[in-house]
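Residue numbers (the numbering used here), protein chains in the order written: chain A, 358 to 788; chain B, 358 to 788. Glycine included, every Cβ here is placed at the ideal spot set by N, Cα and C.
Here is the structure:
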């Protein structure tokens with residue numbers, strides 16, 4: 358199948374240079390043509406993209422997607438009360454089917470706001486993988502490991518085994534749209550013995566390890582009390598950083614932590630909304646970017662956001678550091694778009710995704726710029742970061758397949774999803 | 358004309374209590390009926406609002422609406438360079454017709470994202486009033502006064518005279534939808550003599566005075582150097598606070614300033630996006646609210662935002678103070694909705710607007726909650742502040758007249774506005 362987009366403004370390459378009124382050709386899952394001139398070859402489908410902007414699809418680098426079922430639970434509370442007293446009691450009631458339908462609802466929200474790929478951390482990964490495969494999105498899915506008894510051996514930890522089995526059975530499934538991550542929930546939910554053994558297994562497979570690190574001051578300080586070192590140093594000393602690794606949050610990372618992160622090519626996932634909503638604070642993103650650390654962007658789960666809208670996340674990430682540092686020059690629109698696209702793809706191990714470049718995967722979204730808030734458009738990158746809304750997305754393409762167009766979901770049955778959600782919510786909350 | 362909304366979830370009264378599946382009746386410009394029971398009287402039009410939420414329309418308490426024509430100009434620069442080197446040279450080229458069409462484009466954006474009323478500060482107020490009257494929005498419009506020569510007498514200051522004439526000719530025009538404000542641009546663009554005389558004229562008329570105050574540290578500190586006191590004290594000593602007064606920004610207000618503001622019933626307009634984008638900082642909003650100061654919400658102009666979306670502004674205002682104070686309990690969703698509705702109406706002198714209460718003006722918006730990011734809805738106020746988007750607005754009613762519904766503008770000709778904008782942009786920027 359060959360699809361040609363014509364008359365589009367296209368954000369091309371790693372600089373997101375704007376090609377005005379350009380042509381973009383896709384064959385199967387790849388971008389095969391980018392030019393201001395019409396191609397000679399024949400295309401099966403030609404789409405006129407007048408007044409539309411094509412850009413790389415967004416990567417949500419840290420979320421817990423089925424938590425859409427817990428949207429608004431525990432609003433206004435600090436992280437530990439929010440998590441242990443409010444979120445977890447509902448999570449205990451979740452069935453496999455709840456997680457299936459929750460993942461589907463989350464994907465509706467993500468697809469319609471321009472996200473093509475996400476890095477998740479939740480329960481029932483096999484069920485999630487089935488749903489993601491049907492919806493034709495991309496995702497990195499782990500079975501996160503927790504451990505509490507310091508004497509527990511890897512063989513006795515069910516999640517440890519499941520996590521490795523998941524990797525061995527599903528990594529690179531669905532033509533690579535599914536990648537399996539390793540995942541350690543966090544330092545405060547882990548033992549040395551398990552983390553050391555698990556990190557070794559990850560290294561053997563060159564897998565990516567997804568971890569919550571230094572999200573709150575409490576967590577960071579308690580680790581120093583408990584372990585005599587920061588979470589970053591603890592994970593380094595247990596061998597976790599010997600493979601590709603992504604630290605979600607990183608709000609309280611210290612200078613030495615950042616040096617370790619840089620040396621070990623660790624990615625930091627910035628979750629600005631969640632970090633503010635839970636009162637965790639502001640990660641030092643401008644410094645990280647100056648140091649050359651790979652920083653990506655995530656929404657976190659919807660109980661601390663409360664949506665999965667990466668346009669909102671870009672907007673907020675672009676603003677808050679300028680306010681905090683009293684400096685309007687920190688974090689350019691280009692820095693932000695990189696965080697939300699190619700940096701995320703790199704973190705996910707998708708090295709030929711996240712940019713509009715010939716030979717790359719066709720993970721592309723279109724924005725409708727014929728909207729009052731996008732006129733005039735004197736600067737495409739500023740318009741995307743500061744003016745555009747998730748609702749301006751009018752097409753989402755993953756691996757060359759259009760899965761959302763003009764408000765229609767082409768891979769998800771909306772009505773049945775809504776009716777199933779209604780039943781689940783009634784059961785969970787007795788409303 | 359009598360309109361009945363049925364099957365709506367309605368945010369009623371000053372507590373925004375949720376009436377589920379309720380009835381709301383409007384006659385002419387007023388709300389006449391709110392109940393869970395169907396009314397006995399006959400209505401001309403009955404609208405089924407299944408899956409929709411009715412809430413008070415939003416008030417944008419500080420903007421420069423025609424600056425939509427300068428969207429993205431000077432992006433990434435500090436306030437003074439942004440303003441003097443980038444914004445002002447374009448503003449010098451603006452014609453009366455540019456401001457007419459700019460105001461119209463700005464209203465399209467505002468109406469479609471749920472704003473019913475705005476407090477503006479720009480040039481060509483009479484032209485603006487004509488446009489606003491046609492579009493049937495509400496607005497507080499001033500002719501802002503500037504003065505640079507300390508010896509200049511009020512009689513010689515053209516704007517001084519125009520500002521008072523504007524008030525005397527247009528205040529309460531269009532059945533009160535138009536209110537004329539007095540306005541002093543800022544301390545750094547004013548002389549003592551003019552401010553003293555102008556404040557006296559405002560006091561005589563009980564008019565509201567709209568001023569930029571302590572937006573940047575530079576401005577605040579330079580005032581203290583120049584005048585030996587803060588801008589707040591300077592305006593107080595010149596009599597400006599003897600009438601109703603609104604301070605836009607207030608990022609650098611000191612403790613004593615806040616005491617003065619509280620004593621004199623001054624409103625502070627919080628503009629979180631603009632204050633971050635220009636690197637100005639974070640206003641101390643939680644403290645102001647704890648003190649009982651009337652705090653409202655504004656977008657500022659689109660060259661420092663870059664849109665006029667009050668849902669975005671609510672969302673950002675709700676988040677950043679939690680992040681800054683590391684405290685998720687500051688500023689509830691209710692506090693934020695108050696800032697964006699009734700507090701703004703009060704500041705504008707519209708004492709019977711901003712709430713859904715029988716006898717109040719029917720300034721109402723509807724949100725479509727059948728969207729993936731609004732499901733489940735376990736808390737209407739959190740959903741509005743943290744999940745909803747401006748694009749979820751499906752109806753905007755001002756003084757009982759629907760001016761926007763299901764994507765259609767009922768008082769503005771969209772096509773001619775877009776084609777006029779295109780010509781203006783070509784001329785202004787030679788693109």
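Original post:
So which residues on chain A does residue 639(B) lean against when the C-beta distance must stay under 7 Å?
Top reply: Counting from 1 along the second chain, the entry for residue 639(B) is found at position 282. Near residue 639(B) (Cβ distances below 7 Å), the residues of chain A are 680.
Subject >> Length-filtered (4 minimum) alpha helix (DSSP H) runs lying within the stretch 578 to 649 of chain A >> reply: Counting only runs of 4 or more, we get 588 to 594, 612 to 620, 629 to 634 and 642 to 647.
**OP:** Under the assumption that residue 466(B) contacts residue 665(B) (Cβ atoms under 8 Å), give the Cβ distance between them as a whole number of angstroms.
**Re:** Against the second chain, residue 466(B) aligns to sequence position 109. Against the second chain, residue 665(B) aligns to sequence position 308. Sure, about 5 Å apart at Cβ, within 8 Å.
**OP:** Check whether the Cβ atoms of residue 361(B) and residue 382(B) sit closer than 7 Å, and answer yes or no.
**Re:** For the purposes of this step, residue 361(B) is taken as residue 4 along the second chain, with counting starting at 1. For the purposes of this step, residue 382(B) is taken as residue 25 along the second chain, with counting starting at 1. Closer than 7 Å, so yes.
Original post:
Hey, how far is the Cα of residue 657(B) from the Cα of residue 428(B)?
Top reply: Here residue 657(B) refers to the residue found at position 300 when the second chain is read from its first residue. Here residue 428(B) refers to the residue found at position 71 when the second chain is read from its first residue. Looking at the two C-alpha atoms, the distance is approximately 12 Å.
Original post:
Taking the Cβ atom as the reference point for each residue, do residue 627(A) and residue 654(A) lie within a distance shorter than 7 Å?
Top reply: The residue given as residue 627(A) occupies position 270 in the first chain. The residue given as residue 654(A) occupies position 297 in the first chain. Yes, these two residues count as a Cβ contact at 7 Å.
Original post:
Over what stretch of residues does the alpha helix (DSSP H) that includes residue 668(B) continue unbroken?
Top reply: The residue you call residue 668(B) lines up with position 311 of the second chain. Residues 667 to 681.
Subject >> Span of the beta strand (DSSP E), counted from its first residue to its last, around residue 360(B) >> reply: By one-based count along the second chain, residue 360(B) stands at place 3. Where residue 360(B) is concerned, the enclosing beta strand (DSSP E) stretches over 359 to 369.
Subject >> 8 Å contact criterion, which residue 495(B) and residue 768(B) should meet: CB distance rounded >> reply: Residue 495(B) sits at position 138 when you count from the first residue of the second chain. Residue 768(B) sits at position 411 when you count from the first residue of the second chain. Your pair residue 495(B) and residue 768(B) does not check out as a contact, with CB atoms roughly 13 Å apart and the cut at 8 Å.
Subject >> Residue environment, residue 398(A), which counts as buried when at least 16 other CB atoms sit within 10 Å >> reply: Numbered from its first residue, the first chain carries residue 398(A) at position 41. Residue 398(A) is exposed by the Cβ-count criterion.
**OP:** Can you pull the chain A residues whose beta carbon is under 7 Å from the beta carbon of residue 430(B), in chain order?
**Re:** As a position in the second chain, residue 430(B) is number 73, starting the count at 1. Chain-order list of chain A residues neighbouring residue 430(B): 735, by C-beta distance under 7 Å.
Subject >> Unbroken beta strand (DSSP E) run spanning residue 495(A), endpoints >> reply: The residue given as residue 495(A) occupies position 138 in the first chain. First-last of the beta strand (DSSP E) with residue 495(A): 495 to 499.
Original post:
Using a Cβ-Cβ cut-off of 6 Å (strictly less than) and excluding sequence neighbours within five positions of residue 460(B), which residues of its own chain qualify?
Top reply: In the second chain, residue 460(B) corresponds to position 103, counting from 1. Once the five neighbours on either side are set aside, the close Cβ partners of residue 460(B) are 422, 423, 485 and 488.
Original post:
Among residues of its own chain, excluding the 5 on either side of residue 313(B), which ones have a beta-carbon nearer than 7 Å to its beta-carbon?
Top reply: The structure shown does not extend to residue 313(B), since chain B is modelled only from 358 to 788, so the question has no answer here.
**OP:** Kindly say whether residue 778(B), judged by its beta-carbon, lies nearer than 7 Å to any beta-carbon of chain A.
**Re:** What you label residue 778(B) is simply residue 421 of the second chain in a count that begins at 1. With 7 Å as the cut-off, residue 778(B) counts as an interface residue toward chain A.
Subject >> Within chain A, partners of residue 719(B) - CB distance below 8 Å >> reply: By 1-based counting over the second chain, the position of residue 719(B) is 362. Going along chain A, no residue has its Cβ under 8 Å from residue 719(B), so there is no contact; the nearest lies around 24 Å.
Original post:
Can you list the residues of chain B that residue 694(A) reaches, using a CB-CB cut of under 8 Å?
Top reply: For the purposes of this step, residue 694(A) is taken as residue 337 along the first chain, with counting starting at 1. None at all; the shortest Cβ gap to chain B is about 14 Å.
Original post:
Looking at the C-beta of residue 746(B), does it have a partner C-beta in chain A at a distance below 7 Å?
Top reply: Taking the first residue of the second chain as 1, we reach residue 746(B) at position 389. It does: the Cβ of residue 746(B) has a partner Cβ on chain A nearer than 7 Å.
Subject >> Contiguous alpha helix (DSSP H) assignments of at least 4 residues, all confined to the stretch 443 to 519 of chain B >> reply: Here the runs fully enclosed are 445 to 448, 453 to 469 and 482 to 492.
**OP:** State yes or no: is the beta carbon of residue 686(B) nearer than 7 Å to at least one beta carbon in chain A?
**Re:** Taking the second chain and counting its residues from 1, one reaches residue 686(B) at position 329. Interface flag for residue 686(B) against chain A is set, since a Cβ pair is found closer than 7 Å.
Subject >> Sub-7 Å separation of residue 472(A) and residue 417(A) beta-carbons >> reply: The count along the first chain starts at 1 and reaches residue 472(A) at position 115. The count along the first chain starts at 1 and reaches residue 417(A) at position 60. Cβ atoms of residue 472(A) and residue 417(A): closer than 7 Å.
Original post:
Expressed to the nearest angstrom, what Euclidean distance is found between the alpha-carbon atoms of residue 519(A) and residue 651(A)?
Top reply: Locating residue 519(A) in the first chain gives position 162, where the first residue counts as 1. Locating residue 651(A) in the first chain gives position 294, where the first residue counts as 1. If I take the Cα positions, the gap works out to 29 Å.
Original post:
Does the stretch 565 to 585 of chain A come within contact of the stretch 603 to 611 of chain A, defined as at least 3 CB pairs closer than 8 Å?
Top reply: Note that the stretch 565 to 585 of chain A touches the stretch 603 to 611 of chain A; at least 3 beta-carbon pairs, one per stretch, sit closer than 8 Å.
**OP:** Measure from the C-beta of residue 628(A) to each C-beta in chain B and report whether the shortest distance is under 7 Å.
**Re:** Here residue 628(A) corresponds to residue number 271 of the first chain, with the count starting at 1. Cβ-Cβ to chain B under 7 Å: no for residue 628(A).
Original post:
Looking only at its own chain, which residues have a Cβ that is under 8 Å from the Cβ of residue 789(A), when we skip the five neighbours before and after it?
Top reply: Because chain A is modelled from 358 through 788, residue 789(A) falls outside the range shown and cannot be assessed.
Original post:
Out of curiosity, what's the CA-to-CA distance linking residue 639(B) and residue 662(B)?
Top reply: Locating residue 639(B) in the second chain gives position 282, counting from the first residue. Locating residue 662(B) in the second chain gives position 305, counting from the first residue. Going by the C-alpha atoms only, they are around 15 Å apart.
Original post:
Under 7 Å between C-beta atoms, does residue 762(B) make it to chain A?
Top reply: Locating residue 762(B) in the second chain gives position 405, counting from the first residue. Not a single C-beta of chain A is nearer than 7 Å to the C-beta of residue 762(B).
Original post:
What residues in the stretch 444 to 474 of chain B bring their beta carbon closer than 7 Å to a beta carbon of chain A?
Top reply: Within the stretch 444 to 474 of chain B, the residues whose Cβ lies closer than 7 Å to some Cβ of chain A are 462, 465, 466 and 469, listed in chain order.
**OP:** Let me know if residue 449(A) comes out buried or exposed under the rule of 16 or more other beta-carbons within 10 Å of its beta-carbon.
**Re:** Against the first chain, residue 449(A) aligns to sequence position 92. The residue is exposed, with fewer than 16 neighbouring Cβ atoms inside 10 Å.
**OP:** Give the interface partners of residue 666(A) over in chain B, defined as CB-CB distance under 9 Å, in chain order.
**Re:** Within the first chain, the letter at position 309 stands for residue 666(A). Going along chain B in sequence order, the residues near residue 666(A) (Cβ under 9 Å) are 730, 744 and 746.
Original post:
Pairing CB atoms from the stretch 714 to 732 of chain A with CB atoms from the stretch 670 to 688 of chain A, are three or more of them under 8 Å?
Top reply: Flag = no, the stretch 714 to 732 of chain A and the stretch 670 to 688 of chain A do not touch.
Original post:
How about residue 790(A) and residue 363(A): are their beta carbons less than 7 Å apart?
Top reply: The question about residue 790(A) has no answer, for chain A in this structure spans 358 to 788.
Original post:
residue 435(B) touches chain A at which residues, Cβ-Cβ below 7 Å?
Top reply: For the purposes of this step, residue 435(B) is taken as residue 78 along the second chain, with counting starting at 1. Listed along the chain, the chain A residues whose CB falls inside 7 Å of the CB of residue 435(B) are 685.
Original post:
Grouping DSSP H, G and I as helix and E and B as strand, with all else coil, what is residue 786(A)?
Top reply: Stepping through the first chain from its first residue, residue 786(A) is reached at position 429. If DSSP states are grouped into helix, strand and coil, residue 786(A) belongs with the helices.
Original post:
Opposite residue 725(B) in the DSSP bridges: which residues?
Top reply: Taking the first residue of the second chain as position 1, residue 725(B) is located at position 368. Paired residue(s): 409(B).
Original post:
In chain order, what residues of the same chain have a beta carbon less than 6 Å from the beta carbon of residue 637(B), not counting five sequence neighbours either side?
Top reply: On the second chain, position 280 is the one that residue 637(B) refers to. Annotation for residue 637(B): 572, 573 and 608 place their beta carbon closer than 6 Å to its own, counting only its chain and skipping 5 residues before and after.
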